[in-house]
Every structure is written in structure tokens, then in C-alpha cells.
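Below you'll find the structure, written out as C-alpha cells, and then a few comments.
Residue numbers (our numbering): 69 to 296.
Take a look at the structure:
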């Protein structure tokens, strides 16, 4: 074998092993709507199908900006480490009493040194002890394929192997905050577009912070000082 051919061999093997897998992957483009047919932002769609991703899930971020959790809804796979940076110039105290993950990050600025491991599937509702209008959600799923819809109610999941998938939907406006089974989806080797309707009462906007006042600022500072 010549030197040139020996250099080409790894590329040939790569193409033979990897490209067929890519060729057999599909994509789902989903439109997520409420019961009135209006687009839903911050809706989660997850798929449980023929292939269970075995690699460790990548880390994720739940930021705090303008006294709100950003994003309002974060979807992660079970076993994900989530960091909680505070991008505001004031301190926050993040907590959750949800059974899927109970934790508290005491009053802080910047980014805590240790991320939080979300090791159980379920819904985690976030709050802030200092700013009680702050509300966020982390949807933790065992499903390897999931996405959160944008402001137009659209979500995309790429790299799906062909096969049959069970579909689950969730949104903060769902009754009792419960996930919703949405039947099965047959995925072929192509891009699939489909609409899904959630049993949601409509968009669930995060509560707006109250207008600033001298009393409110004094109360906030006293609460921060008491929490130290």
C-alpha cells in the first residue's frame, strides 16, 4: 500500500462508519399550539424512541437577568449539571422545593462554584427568596430527544434515527403542571413537520417585577442583610 493510500484509509473508514448513520438520521420540526390554536412559547416536546443516547448530557445554564430566570423554561436530560449564574448587579437566593430536586443557593452574586445535578426526572419549579415574583421551570426528562419552543411556538429536534417515538408535551399552562401524552410519531429518513396541541390555558408569561419604590428598596436591602 502506498503512503497516499494509507493516508486515505482512515477517511474511507470514517465515511463507511459515520456517514451511513448520518444518512439515516431525520429531523422533526414541530409547531406547538394551545387549545385555541395559538402558538405556545416555552413548551417542551420530548421523544422516547428506538435509540437511547448513552453519552453524558452536556451541562446547561439557568441565568438570572433583569430579576427574571432566563430562560423561563429549561429542558434537560436526567443527569445534567446546571449552573445558575447571576447576571444582575444585585444578589439572588435561588431555591426549589420540588420533589424532583430540592436545593437552595444562598444569597449570591456572580456564579456559584458548583453546579446543581438534576438526577431525577420531573418538574423543578424555581423561586428566589428575595424577589418572590421570580419564577422559572426546569423540565427534567429521561427522554434523549427534546426541545423547547421559541416565541413562535416552533421547536426542532435533529439527528433522529428512523423509528417510532412516543411523544410527551409540557407547558407551564398545562393543568396541574402535568406532562401530556401526545401519541406516537413515525419518523422516516427525512424532515418531518407536525403540529401538536397542548391542553394549555395559553401563554404563561413570567410575573413582572413590581414598580420600584423607596419602601420596596428598603425592604429588599433589609431582607438581603438578614439572609447573610
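Here a beta-carbon is modelled for each residue, glycine too, at the ideal position from N, C-alpha and C.
| query | What's the gap between the Cα of residue 128 and the Cα of residue 149? | reply | A direct Cα-to-Cα measurement between residue 128 and residue 149 gives close to 6 Å.
| residue 242 versus residue 143 - alpha carbon distance | Each residue's Cα considered, the two are about 16 Å apart.
| query | residue 165: buried (16+ other C-beta within 10 angstroms of its C-beta) or exposed? | reply | Burial call: exposed.
| request: Run the CB neighbour count on residue 253, radius 10 Å, all protein chains shown included, and call it buried at 16 or more, exposed below. | output: Buried, since its Cβ has 16 or more Cβ neighbours within 10 Å.
| Between residue 211 and residue 237, what straight-line distance do the alpha-carbon atoms span, to the nearest angstrom? | So the two alpha carbons sit approximately 12 Å from each other.
| message | Given this structure, state the Cα-to-Cα distance separating residue 139 from residue 131, to the nearest angstrom. | response | Those two C-alpha atoms are separated by around 7 Å.
| task | Output the boundary residues of the beta strand (DSSP E) element that contains residue 222. | result | From DSSP, the beta strand (DSSP E) with residue 222 extends over 222 to 229.
| task | Assign residue 256 to one of three DSSP states: helix, strand, or coil. | result | Judged by DSSP in its simplified three-state form, residue 256 adopts coil rather than helix or strand.
| query | Counting along the chain, where does the beta strand (DSSP E) carrying residue 132 start and finish? | reply | First-last of the beta strand (DSSP E) with residue 132: 131 to 133.
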